[in-house]
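According to the working numbering, the stretch in the sequence shown is residues 9 to 60, in order.
Cβ coordinates follow ideal geometry from the N, Cα and C atoms, glycine included.
Keep in mind that this is a model prediction, so the values were computed, not measured.
First comes the structure, then the notes that go with it.
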Amino acid sequence: MMHFDFQVGDLDSAVAEAVALGATIAEFQPRENVRVLFDPAGHPFCLCRDDE
Numbered sequence: 009m010m011h012f013d014f015q016v017g018d019l020d021s022a023v024a025e026a027v028a029l030g031a032t033i034a035e036f037q038p039r040e041n042v043r044v045l046f047d048p049a050g051h052p053f054c055l056c057r058d059d060e
C-alpha cells in the first residue's frame, strides 16, 4: 500500500473538502499541522499544512 502526503494552504478547508468527497478523519492525529484521513476504500493519506 502506498501512502500519500498532500501539502495544502488551508488545512481546515482541505479536510472539509476531503470529508465531503468521502474521506474519514483518523482518530489519532500525530501533529498539529497534519491531518490523517482515510479514503473511502480505507487507505490512509495525510494533508499537511504548508507553513512556508
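How many angstroms separate the CA atom of M10 from the CA atom of I33?
Between M10 and I33, the C-alpha separation is close to 18 Å.
Take H51 and list the residues in its own chain whose beta-carbon comes closer than 7 Å to its own, dropping the five residues that flank it on each side.
Around H51: M9.
Assign R39 to one of two classes, buried (16 or more other C-beta atoms within 10 Å of its C-beta) or exposed (fewer than that).
By the 16-neighbour rule on beta-carbons within 10 angstroms, R39 is exposed.
Where DSSP assigns a beta bridge to D13, which residues make up the other side?
Residue pairing of D13 in beta bridges, as defined by DSSP: C54.
At which residues does the beta strand (DSSP E) containing L19 begin and terminate?
Not the beta strand (DSSP E): L19 falls in the alpha helix (DSSP H), residues 19-28.
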